[in-house]
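Have a look at the structure below, then the notes.
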Amino acid sequence: MLVYIVRDNRPGHFRQCEGVASALARIAPLEVRNVFPNFHWFSRRIVPTIAYRLRLPASLVLGLLYDFEVETLDPPDIVIASGHRNVVPALLIARLFGARFVYAGIHDRRYLDEMDMVVTPCPRDAYEPRHVYAPVLNPVSRKDFPLPRRLTGPEDLRGARLGLMLGGETRTHRFTTRDWRQLARLISETRRDLGIEWWATTSRRTPRAARKFLKSLVKSGDLHKFIEYDPAMPGSPNEVLGLDGTLVTEDSMAMLSEALTAGRPVIALKPSMVWPSRQDEAVTAMAAMAGTPVIPISELNVERMAAALTRGEPVSFEPIEVLQANLLAAPHLLAALGLVPPHSPAVEAASTKES
Numbered sequence: 000m001l002v003y004i005v006r007d008n009r010p011g012h013f014r015q016c017e018g019v020a021s022a023l024a025r026i027a028p029l030e031v032r033n034v035f036p037n038f039h040w041f042s043r044r045i046v047p048t049i050a051y052r053l054r055l056p057a058s059l060v061l062g063l064l065y066d067f068e069v070e071t072l073d074p075p076d077i078v079i080a081s082g083h084r085n086v087v088p089a090l091l092i093a094r095l096f097g098a099r100f101v102y103a104g105i106h107d108r109r110y111l112d113e114m115d116m117v118v119t120p121c122p123r124d125a126y127e128p129r130h131v132y133a134p135v136l137n138p139v140s141r142k143d144f145p146l147p148r149r150l151t152g153p154e155d156l157r158g159a160r161l162g163l164m165l166g167g168e169t170r171t172h173r174f175t176t177r178d179w180r181q182l183a184r185l186i187s188e189t190r191r192d193l194g195i196e197w198w199a200t201t202s203r204r205t206p207r208a209a210r211k212f213l214k215s216l217v218k219s220g221d222l223h224k225f226i227e228y229d230p231a232m233p234g235s236p237n238e239v240l241g242l243d244g245t246l247v248t249e250d251s252m253a254m255l256s257e258a259l260t261a262g263r264p265v266i267a268l269k270p271s272m273v274w275p276s277r278q279d280e281a282v283t284a285m286a287a288m289a290g291t292p293v294i295p296i297s298e299l300n301v302e303r304m305a306a307a308l309t310r311g312e313p314v315s316f317e318p319i320e321v322l323q324a325n326l327l328a329a330p331h332l333l334a335a336l337g338l339v340p341p342h343s344p345a346v347e348a349a350s351t352k353e354s
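Going by numbering that gives the first Met the number 0, the first residue of the sequence shown is number 0, and it counts up by one from there.
Here is the structure:
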């Protein structure tokens with residue numbers, strides 16, 4: 000079967016899609032290809048919605064709004080997308096070729112009736128029709144990293160290498176200068192008192208104030224390495240994910256999921272201002288599954304950080320395996336996608352008939 004991933008420049012989106020494709024490929028053989036919409040100013044917000052709802056010819060809209068040359072596309076069987084702006088081009092490709100559409104992430108319900116399957120990170124949504132639960136997906140595997148240093152007590156933090164992964168402003172999360180200053184103070188104190196080697200990385204949403212603090216820490220020698228966000232990066236740097244422990248701001252569910260999957264002790268950091276949202280539920284579910292503490296930045300100090308990072312061996316956290324297991328437990332969802340898992344009744348019946 001041929002699978003298209005509708006891919007934009009946001010790592011959190013396409014890494015979720017890659018995770019869905021990986022889980023499906025464990026169930027049935029697939030060929031996976033990326034397709035890239037070209038987003039113009041007029042191919043955002045309301046224009047695609049109007050074009051889709053008017054049921055204008057899919058090939059015409061794909062060409063005008065996203066610069067697709069549809070005659071060059073092979074007919075896919077499944078189209079996967081994540082992120083609101085990728086929904087319409089994915090639906091148009093699915094409509095044009097009669098393919099099934101799979102959405103990964105938290106959706107706003109506008110196109111719910113036209114989604115053949117939704118992989119949701121919110122446990123309560125998993126009970127809705129055509130939904131299946133999985134933590135925020137990513138292609139990271141703890142097998143890709145060496146065994147981490149064992150952190151069993153505060154003294155084990157001496158000389159440890161820790162990562163700081165910063166997201167930034169969202170509709171539900173706001174950081175203050177006090178938040179960034181608190182993190183900078185923590186890095187300086189632990190570098191001085193415990194000899195911790197700190198690495199940091201940012202996202203496309205990390206504000207200038209936070210980057211300024213990190214650059215000043217590099218100049219002072221308190222921050223060992225600063226890997227600034229680059230649009231060409233496929234996701235969080237493995238250099239940071241493979242350290243002895245990681246602190247991640249909870250606004251970035253993708254970063255948090257990657258850090259947890261890497262199999263290191265993780266602390267999720269909550270900024271000063273957070274508004275209730277379905278993202279809160281997704282973060283809470285991941286943290287609970289992995290046994291990871293969520294700590295407000297304003298309350299973070301050396302003692303609390305040490306206690307959280309040395310609480311014991313990290314719990315195995317494998318989002319792709321969770322999705323695979325949940326799909327195998329829901330054969331009707333696989334059937335809706337045209338997938339038949341090995342050793343299913345359909346396969347066994349066909350084998351018996353042939354023999």
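Positions of the beta carbon are idealized from the N, C-alpha and C atoms, including for glycine.
Do you know whose CA, among the options, lies nearest residue i's CA?
i: residue 72; options: 80, 61, 82 and 81; result: 61
i: residue 135; options: 91, 11, 50 and 217; result: 11
i: residue 108; options: 97, 82, 310 and 256; result: 82
i: residue 188; options: 56, 328 and 301; result: 301
i: residue 52; options: 113, 65, 291 and 38; result: 113
i: residue 208; options: 32, 166 and 242; result: 166
i: residue 50; options: 211, 184, 90 and 304; result: 90
i: residue 122; options: 280, 191 and 77; result: 280
i: residue 87; options: 336, 132, 110 and 215; result: 110
i: residue 272; options: 85, 169 and 126; result: 169
i: residue 258; options: 289, 58 and 275; result: 289
i: residue 240; options: 97, 147, 55 and 68; result: 147
i: residue 155; options: 335, 204, 305 and 78; result: 305
i: residue 246; options: 21, 163, 235 and 33; result: 163
i: residue 284; options: 255, 31 and 77; result: 255
i: residue 23; options: 36, 3, 291 and 293; result: 3
i: residue 120; options: 7, 150 and 252; result: 252
i: residue 180; options: 216, 190, 194 and 264; result: 216
i: residue 128; options: 172, 274, 222 and 332; result: 332
i: residue 298; options: 287, 237 and 182; result: 182
i: residue 143; options: 236, 329 and 63; result: 236
i: residue 145; options: 277, 30, 263 and 55; result: 263
i: residue 35; options: 18, 76, 26 and 85; result: 85
Would you mind reading off the limits of the alpha helix (DSSP H) that contains residue i?
i: residue 135; result: Note, residue 135: premise wrong, no alpha helix (DSSP H); not H, not E.
i: residue 254; result: 252–260
i: residue 26; result: From DSSP, residue 26 is part of no alpha helix (DSSP H); its letter is neither H nor E.
i: residue 320; result: 318–327
i: residue 89; result: 86–96
i: residue 240; result: 237–240
i: residue 335; result: 330–335
Taking buried to mean at least 16 other C-beta atoms within 10 Å of its own C-beta, is residue i buried or exposed?
i: residue 318; result: buried
i: residue 315; result: exposed
i: residue 197; result: buried
i: residue 45; result: exposed
i: residue 312; result: exposed
i: residue 219; result: exposed
i: residue 137; result: buried
i: residue 269; result: buried
i: residue 347; result: With a pLDDT of only 46 at residue 347, under 50, the local geometry of the prediction cannot be trusted, and the value read off the model is given with reservation. Label assigned to residue 347: exposed.
i: residue 57; result: buried
i: residue 104; result: buried
i: residue 352; result: Summary for residue 352: the model assigns pLDDT 43, below 50, so the residue's position carries little reliability, and this model does not support an answer.
i: residue 243; result: buried
Terminal residues of the continuous beta strand (DSSP E) containing residue i?
i: residue 160; result: 160–164
i: residue 222; result: 222–226
i: residue 78; result: 77–80
i: residue 103; result: 99–103
i: residue 69; result: Careful: residue 69 lies outside any beta strand (DSSP E) and carries neither H nor E.
For residue i, which of helix, strand or coil comes out of DSSP?
i: residue 300; result: coil
i: residue 200; result: strand
i: residue 3; result: strand
i: residue 189; result: helix
i: residue 354; result: Annotation note: pLDDT 40 at residue 354 (below 50); position unreliable, coordinate value reported separately. Coil.
i: residue 41; result: helix
i: residue 346; result: The predicted model places residue 346 with a pLDDT of 42, which falls under 50 and marks its position as unreliable; any figure quoted below should be read in that light. Looking at residue 346 - three-state DSSP - the assignment turns out to be helix.
i: residue 33; result: strand
i: residue 314; result: coil
Give the DSSP bridge partners of residue i, in chain order.
i: residue 273; result: 172
i: residue 268; result: 248 and 294
i: residue 212; result: Its beta-bridge partners do not exist; DSSP assigns none.
i: residue 119; result: 132
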